[in-house]
Each structure stands twice: as C-alpha cells, then as structure tokens.
Amino acid sequence: MDEKEIIIIAAIAIPVSLVIIVIVLFSVFSSRKNRLLREQAEAKKVFDRELAESQIEIREETLRNISWELHDNIGQLMTLAKIQSQMALEKPELMTEVSKTIGSGIDELRALSKLINPEALKSLSLKEAVSLEIERFNRLKFIKAELIVKGDIIPIESNIQVIIFRILQEFFSNTIKHSKASSLKVILNYSDEELKITAKDDGIGFEKNDDFMGIGLKNMETRAKLIHSALKIDSIKDKGTALYLDYNFT
Amino acid sequence: MILVIVISYKFYLETVLNILENTFMTLYVIVFIIALIRLPLYKDTPLKYLPIILFITLATEFVGQLLKIGHRDFIFLIYNIYYFLYFSFFFYVFMKVIDVVSFKKCIKIGLAIFWLVFLGDIVFSSILKESFIITYIVGAGILILCIILYYISILQSSLVLVVKNDLLFWISVGLFLFYIGYIPIKIIKTWFYKPDSFFEILLIIQFSLIILMYLFFLTGFLWMKKR
Chain A
149 MDEKEIIIIA
159 AIAIPVSLVI
169 IVIVLFSVFS
179 SRKNRLLREQ
189 AEAKKVFDRE
199 LAESQIEIRE
209 ETLRNISWEL
219 HDNIGQLMTL
229 AKIQSQMALE
239 KPELMTEVSK
249 TIGSGIDELR
259 ALSKLINPEA
269 LKSLSLKEAV
279 SLEIERFNRL
289 KFIKAELIVK
299 GDIIPIESNI
309 QVIIFRILQE
319 FFSNTIKHSK
329 ASSLKVILNY
339 SDEELKITAK
349 DDGIGFEKND
359 DFMGIGLKNM
369 ETRAKLIHSA
379 LKIDSIKDKG
389 TALYLDYNFT
Chain B
1062 MILVIVISYK
1072 FYLETVLNIL
1082 ENTFMTLYVI
1092 VFIIALIRLP
1102 LYKDTPLKYL
1112 PIILFITLAT
1122 EFVGQLLKIG
1132 HRDFIFLIYN
1142 IYYFLYFSFF
1152 FYVFMKVIDV
1162 VSFKKCIKIG
1172 LAIFWLVFLG
1182 DIVFSSILKE
1192 SFIITYIVGA
1202 GILILCIILY
1212 YISILQSSLV
1222 LVVKNDLLFW
1232 ISVGLFLFYI
1242 GYIPIKIIKT
1252 WFYKPDSFFE
1262 ILLIIQFSLI
1272 ILMYLFFLTG
1282 FLWMKKR
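Same order as they appear, the protein sequences are chains A and B.
Per my numbering, the first sequence starts with residue 149, numbered consecutively.
Per my numbering, the second sequence starts with residue 1062, numbered consecutively.
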C-alpha cells in the first residue's frame, strides 16, 4: 500500500469514524439521561406514596390517641364530676370540688382540640411534635418519658419531618404496646450538618425475627432510606431497645 | 490542459488551507477572550488554569507561524515544551474531577508513563532539533483514555442530567474528537511523509479538526452554568 492509498483511506475513515463517535456518544448519554429521569420520577412516586401513607398513619394514630384520651382521661374526669355533683346534692360545699374537676376536664379538652386541629399539627416543628407525644405519655402515665434537645434547632422540610415523626411514632407505639418498658428517653441532637435522633426504652427487647417487629422495622427502614437517612435499631433481650436515626441536612 | 488543472487544484487547496488556518487562529483568540470573560463561573474548579493553557496554545501557534520562515530550531523546543505542559494540565484536570478511586489511579499511572516517555525523548532525541512524536502520541492516547474514564464516571452518576451545562464535558468532547482524528494524521505525517500535494488533504482535515475542537470549547463556555 503506497502513501497515497493510506492518505485516501485516512481521509475517508477519519470523518466517518468521527461521525460514528458523535452519534454513539449522543445516544449513550441521552439514553442514560432518560433512564435516570425515569428512575427519579419513580423514586419521587415512591416517596410521595410513602409520605401519603405516613400522613394517613399519623392521622389514624392521632385518632386512636384521642379515643384513649377521651375514654381514659376526660371520660374519667367527667364521671368523677358526675359522682361529685350527685354527692353535692346532700353536701353543697362539695360544689367547689365539682367545679375544679369540670375545670380540669375543660383544660384537657382544650389541649386535645389543639392536637386534633390539622393546621396546628402542620405548623409544629419536629421538637414540638415529639414533645407533645412525650407529654401525652407522661400525662396518661403510659410510661415515664423524657425529651432532651441538644444544639440549635434547625428547621426541617415538612415532608421529611412527617416521615421522621412517623418513624419515631412507630417506635413509641411498639415501646408502649409490646416492650413493657417503664421509661423512654428521646434525644434530638442538632449539629450544622445533621440531626442525630436517639430513642431508648428499658423494656424486654425483642428478637429480630419477631413478626410484629419485623414488619414495623421494615417500614421504618424503607422510610429512612427514602429520606437518605441511616437507621439502626438495637435490641437486647430484657435490657431494652434503642433507635438511632441520622438525618443529613445537606 | 492537465497542467492547468493541476495548478488550479494546488491553488484551490492552498486557498482552502489559508482560510482554515485564519479561521482557527481567529477561533483561538475568540475562545481565549471568552474563557477570560467566563472565568468567574469556573474559577473554583480545576479548569481555572485553562485560560493560561489557551494563551500558551495561542502564543505557541503564533510564534510557530513566525518561526516557520526563519529560525526553525526554536520551533521544536517551543512545541516540545508546549506538549508537556498541555497534556500534563489535562491529566491533572481529569485526575481532580473524577471521583472513582480506581480511575484516578489509572490517570496517575498514565501521567507517570507520559513523563517517563517525555524524559526518554529528552535523553534519546534532541529537544532542539526533533519533534517529540512519541511523547505526543502517548500523551494523546492517554488523554483519550482519561476522557473515556471521565465519560464512564459521568454515566455512573447523576451528573449526566446536567452535562449540557458542564464546561469540562464540552472541552472533553472537543479534545476527544480532535485526538481520535489527529493521531492517525500525525502518524501518517511522521512516517509516510513525501512532498506531495496529496498530504494537503490531511492538512485540511487537521485544520478542520482544530476548528471543530474550538467550536466545542466555545459551546462549553457559552452554555456553561455555575454548579
């Protein structure tokens, strides 16, 4: 092959191969981009679905709590007021006691109506929402609960907050229903980069293969993944259970 | 009659070459000026030294054109140093930009090979009297490899969604197409050269490739957005 043939071949091959490279580059990049966009849309759909489910579950939990409060707390106060008023027919000096009991009932009703109001719930910060739960546990004497907040509170986007709150609510619900714990401690530790949440009870703990915990854990893990958080649940039989959730702000 | 055709063909080729040469020299200047104007948008990235490399390219080409007429000795010296700076700069950029550890390691090895080959050329050939062809071809080959690794890393990340507004992407497309096309030309020019107008066809392709590369650079500077 002489140099003229080589030049002719090169003169044809170079532009042709460049055109092929451009076409291949364009199609590879655009197909990858489209796939990524589809994956993102799918991830958003999953996130929205989980968010909606979390919101429904929070509402259901709230209704259940209201039902308990009405029955165990306000109901008891009203029953007491009724008995006191019947006794007051014979001893009128007992009327002040009746008035006090009804007053307590009204206070409890006010607190409850605040909780039911969806607007109030939406405007709550994570610390306030957790604090309300802790107060309720103490008021109804379900468990001796404590909330500790460290660092400067950094507001979290409401959708993310709903998911975090639902994860905690699930943990609290398991603690109260199954753990037989006497105390619950929640720590919200804020730093510039992340929020570290720790929730610990001193209950009977559980085995990882317990069915009720299995499903609950899976739910919590799925939701933690959706908000790109690391969730860890440690349980020691007869010692207690601890939840660790790290949410990164960036 | 044949003589007239041959003369007019040669004249036509020379005119085309002149036009292309003027075009890419003008593009060198335009791209350098736009690179300076857009510098605030990429001053925090490894590409911040790009205007210096563009200026060195412009100056090298300009001095090269001037020295073509007289002192040819300095042309080799200038171009050999230029190749070293130019390729080392782009290896540094890709090494900084790519996050994948194994890819970074590959580029480091490539950089070491390139420097060794350059050192070998200094030892075994004359930096003043010969063009460092092996250094150039090895540098261009490693640069193509760096660009392929860069594309793979983009495709593996979500960067692919914003690649249209990424300066380095357009720079790399320009470099990739240029070197894929130019390496064979360089080889043919070095080992098969005979004084013949046929070789001017390759010069036309070479100049077109430079224009194409600089048009991609220009697109990158104009479309880029600060991340």
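Backbone N, C-alpha and C define an ideal beta-carbon position, used for all residues, glycine too.
Please go through the same chain and pick out, in chain order, the residues whose beta-carbon is closer than 6 Å to the beta-carbon of glutamate 294(A), but skip the five residues on each side of it. Lys333
So the candidates are Glu245(A), Gly223(A), Ala161(A); which of them puts its Cα closest to the Cα of serine 233(A)?
Glu245(A)
Q. Exposed or buried, tyrosine 1197(B), counting other C-beta atoms within 10 Å across all chains shown (16 or more means buried)?
A. Its Cβ being crowded by 16 or more others within 10 Å, tyrosine 1197(B) is buried.
- request: Could you tell me the distance, in whole angstroms, from the CA atom of leucine 336(A) to the CA atom of isoleucine 312(A)?
  value: Between leucine 336(A) and isoleucine 312(A), the C-alpha separation is close to 12 Å.
List the residues of chain A that isoleucine 1246(B) touches, going by C-beta distances under 9 Å, in chain order. The contacting residues are Ala158, Ile162.
Legend entry - Exposed unless 16 or more other CB atoms sit within 10 angstroms - verdict on arginine 183(A): exposed
*With a floor of 3 residues, list each beta strand (DSSP E) that falls wholly inside the stretch 262–301 of chain A, ordered by position along the chain.*
292–298
Starting from asparagine 396(A), trace the beta strand (DSSP E) both ways and give me its first and last residue. 388–396
Practice problem: Using a Cβ cut-off of 8 Å, pull out every chain A residue sitting near lysine 1255(B), in sequence order please. | Solution: Glu151
Assuming phenylalanine 1081(B) and serine 1269(B) make a contact with CB atoms under 8 Å, what is their CB distance in whole Å? Note on identity: in this sequence residue 1081(B) is leucine, with phenylalanine being the wrong assignment. That pair is a contact at about 6 Å.
### Task
Taking serine 165(A) as the query, report the chain B residues whose CB atoms sit under 8 Å from its CB, ordered along the chain.
Ile1241, Gly1242
Quick one: does isoleucine 1271(B) have its CB under 8 Å from some CB of chain A? no
| Partner residues on chain A for phenylalanine 1259(B), Cβ-Cβ distance less than 7 Å | Lys152, Ile155
- Query: Can you name the residues that DSSP bridges to tyrosine 338(A)?
  - Reply: The beta-bridge partner set that DSSP reports for tyrosine 338(A) consists of Leu343(A).
### Message
With a threshold of 8 Å between beta carbons, is arginine 180(A) in contact with chain B?
### Response
yes
Does the pairing of the stretch 1084–1096 of chain B with the stretch 1143–1160 of chain B give three or more beta-carbon distances under 8 Å? no
Counting only Cβ-Cβ distances shorter than 9 Å, please list the residues of the stretch 188–200 of chain A near chain B, keeping chain order. Result list: Gln188.
*asked:* Need the endpoints of the beta strand (DSSP E) that lysine 1287(B) sits in, please.
replied: Unbroken run through lysine 1287(B): none, as it is neither H nor E.
With DSSP as the reference, please indicate the residues paired to isoleucine 381(A) in a beta bridge. Leu391(A)
- For leucine 332(A), write down the residues that DSSP places opposite it in a beta bridge. Bridge partners of leucine 332(A): Ala293(A), Asp349(A).
> Would valine 1224(B) count as contacting chain A if we go by Cβ distances under 8 Å?
Replying inline: yes
| request: Determine which residues of the stretch 274–286 of chain A have a Cβ less than 7 Å from any Cβ of chain B, and write them out in chain order. | output: none
(message) Below 8 Å, how does it come out for the stretch 1216–1235 of chain B and the stretch 1251–1265 of chain B: are there three or more Cβ pairs, yes or no?
(response) The stretch 1216–1235 of chain B makes no contact with the stretch 1251–1265 of chain B: fewer than 3 CB pairs, one atom from each, lie closer than 8 Å.
I need the DSSP call for threonine 1106(B), collapsed to helix, strand or coil. coil
- Item | Span of the alpha helix (DSSP H), counted from its first residue to its last, around glutamate 187(A) | 151–216
Who are the near neighbours of glutamine 203(A) in its chain, counting only those whose CB is closer than 7 Å to its CB and skipping five residues on each side? Val310
* Assign proline 1112(B) to one of two classes, buried (16 or more other C-beta atoms within 10 Å of its C-beta) or exposed (fewer than that). => buried
_Using a 10 Å radius around the Cβ and a threshold of 16 neighbouring Cβ atoms, would you call threonine 249(A) buried or exposed?_
buried
**Report entry** Within chain B, the residues that leucine 184(A) reaches when beta carbons sit closer than 8 Å
**Finding:** Ser1219, Val1221, Leu1222
* To do: Could you name the residues of chain B that isoleucine 169(A) contacts, counting a contact when the two beta carbons are closer than 7 Å?
  => Per Cβ cutoff of 7 Å: Leu1238, Ile1241.
- Task: Would you tell me roughly how many angstroms separate the C-alpha atoms of valine 1178(B) and methionine 368(A), rounded to the nearest one?
- Result: 57 Å
Worksheet item: Ordered along the chain, which non-local residues of its own chain (more than five positions away) have a Cβ less than 7 Å from that of serine 327(A)?
Response: Asp349, Gly351, Ile352, Thr389
- Query: Per the contact definition of three or more C-beta pairs closer than 8 Å, is the stretch 250–257 of chain A in contact with the stretch 218–227 of chain A?
  - Reply: They touch, by the three-pair rule.
Q: Report yes if the C-beta of valine 1092(B) is less than 7 Å from at least one heavy atom of the ligand COA; otherwise report no.
A: Among the components of this structure there are no ligands whatsoever, and the ligand COA is therefore not found.
CA-CA distance, threonine 1118(B) and valine 1124(B)?
-> 10 Å
Original post:
By how many angstroms is the C-alpha of glutamine 1267(B) removed from the C-alpha of methionine 1086(B)?
Top reply: 13 Å
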